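**Q**
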Amino acid sequence: MAARRWTHRPEGSNWGDFGPDDQLGRLNLITREKLRQGLAEAVEGIAFCLSLPLDYPGGSDLNPRRRPPILRPTLREGQVNFNATLGPDSGSTDVLCDDLAILHLQYSTQWDSLAHVGGQFDVDGDGELEHVFYNGFRAGVEITGPASPDDAGIDVGLKPESTSNAGALGIENMAAHGVQGRAVMVDLHAHLGDAHTHVGYDILMPILEQDRVAIEQGDMVCLHTGFAQMVLEMGRTPDPHRLHNSCAVLDGRDGRLLNWITDSGLAALIADNYAVEAHPARPCETACCSTLPLHEHCLFKNGIPLGELWHLTPLAAWLREHRRNRFLLTAPPLRLPGAVGSPVTPVATV
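Going by my numbering, the first residue of the sequence shown is number 3, and it counts up by one from there.
What follows is the structure in structure tokens.
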């Protein structure tokens, strides 16, 4: 058995529960039985695409570090390889198009991998804070990146090779798993509308009870807030005030909510808003704490992947009309080794 890479783990974490080298976290709970349960929900044969067009929301007001995708043609022998022919002497009638993308992987509908957010924690018990991620994987060892800003971003000349790499916990682990199983819709928008509401345990529990939502171990949970629908209706020219002051968000500072996430056994947490949780979070009560407490609880401590900016409104409307809240979800990310996030085109089948 492999040796653990930590002496003690953060309070409230499940490090090591799925093995010392585990990189899937709670996706391990999506078993063959959970997949069969999901397949059993696909009775009507209706599929819903849960992705926004990947050039939404438009601009960079939602996150100034992320930009819309850029498409460019490839080159063929030094010439533009788009609407291109092979030349008059080739004997070919083909007209060819081939392109590349400069893509900020978490600009639009996305998965966060377990390498997206880590923490500073004394894993060795020596009083020194280490930069670590889920299950004790370490920055600078398994998760590596450049020291110079010249090797980051797209504002300077791009090198022909990658300069960062999640050698552990990368998004490719989720892709190889398949991320297919039973999902459950929690329709916050039906109860809270477009108001910018911090949803804690005391707000969430009555909604689950009223809508008869039962969440079992291994289910993927989707939170419909209406935010992605609002973004879609803005047509790539979003209103910055509405982006930051609309729709429900989870209150990551609510300890009872975080405990419920742990106790529910959910395998993944997904929302149609920007970060699942309120960002910025409410002020914390201690001098030093995470600015993204729900990300810390889910990604860093418990290996629960987060889905953000999914387009859930049409599916939520159908489920409510038919008095259902469960469905088959198929949502593998790109199998891009070393990436810490990925666009995703999820498909729900009812």
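Where is the CB? At the ideal position from N, CA and C, for every residue including glycine. None of these values were measured; they are calculated from a predicted model.
Quick one: Cα of Met3 to Cα of Thr9, how far?
**A** Summary for Met3: the model assigns pLDDT 43, below 50, so the residue's position carries little reliability, and this model does not support an answer.
**Q** If I measure Cβ to Cβ from Arg255 and keep anything under 6 Å in the same chain, skipping five residues before and after, which residues do I get?
**A** These residues qualify, in order along the chain: Ala283, Arg284 and Pro295.
**Q** Hey, out of Gly127, Thr332, Arg69 and Glu174, whose CA is closest to Ala49's CA?
**A** For Ala49, the nearest C-alpha among the options comes from Thr332.
**Q** What is the DSSP secondary structure of Cys224, counted as helix, strand or coil?
**A** Reduced to three states, the DSSP call for Cys224 is strand.
**Q** From the DSSP output, which residues share a beta bridge with Ala113?
**A** Reading off the sequence, residue 113 comes out as Trp, not Ala. In DSSP, Trp113 forms a bridge with Gly309 and Ser344.
**Q** How would you write the range of the beta strand (DSSP E) that Gln122 sits in, first residue to last?
**A** First-last of the beta strand (DSSP E) with Gln122: Gly121 to Phe123.
**Q** If contact is defined by three or more beta carbon pairs under 8 Å, each pair taking one atom from either stretch, is the region 130-138 in contact with the region 181-198?
**A** Contact fails: fewer than three Cβ-Cβ distances are below 8 Å.
**Q** Give every residue of the same chain whose Cβ lies closer than 8 Å to the Cβ of Pro316, excluding the five residues on either side of it in the sequence, and list them in chain order.
**A** So the list reads Phe50, once near-sequence residues are dropped.
**Q** Measure the CB-CB distance between Ile145 and Ala168 and report whether it falls below 9 Å.
**A** Yes, the Cβ-Cβ distance between Ile145 and Ala168 is below 9 Å.
**Q** Alpha carbon to alpha carbon, how far is Met236 from Glu79?
**A** Cα to Cα, the separation comes out at about 41 Å.
**Q** Should Gly47 go down as buried or exposed, given a rule of 16 or more other Cβ atoms within 10 Å for buried?
**A** Exposed, because fewer than 16 other Cβ atoms sit within 10 Å of the Cβ of Gly47.
**Q** I need the DSSP call for Thr9, collapsed to helix, strand or coil.
**A** Here Thr9 sits in coil by DSSP.
**Q** Is it true that the region 61-73 meets the region 103-117, where meeting means three or more beta-carbon pairs spaced less than 8 Å apart?
**A** The answer is yes - the region 103-117 touches the region 61-73, with three or more Cβ pairs under 8 Å.
**Q** Would you mind sorting Glu287 into buried or exposed? The rule is 16 or more other CB atoms within 10 Å of its CB.
**A** The residue is exposed, with fewer than 16 neighbouring Cβ atoms inside 10 Å.
**Q** Express the C-alpha separation of Met207 and Ser344 in angstroms, rounding to a whole number.
**A** Taking the straight line joining both Cα atoms gives about 31 Å.
**Q** Rounded C-beta distance between Leu369 and His200? I'm assuming under 8 Å.
**A** Nothing can be reported for residue 369, as the shown portion of the chain is limited to 3 through 352.
**Q** Compare the Cα-Cα distances from Gln354 to each of Asp265, Ala154, Met222 and Asp24 and report the closest residue.
**A** This structure cannot speak to residue 354, because the chain is shown only from 3 to 352.
**Q** Would Ala366 and Ala230 be called neighbours here (beta carbons separated by less than 9 Å)?
**A** Any answer about residue 366 is impossible in this case: the structure gives the chain only from 3 up to 352.
**Q** For the alpha helix (DSSP H) containing Met236, name the first residue and the last one.
**A** Looking at the DSSP string, Met236 is not in any alpha helix (DSSP H), and its letter there is neither H nor E.
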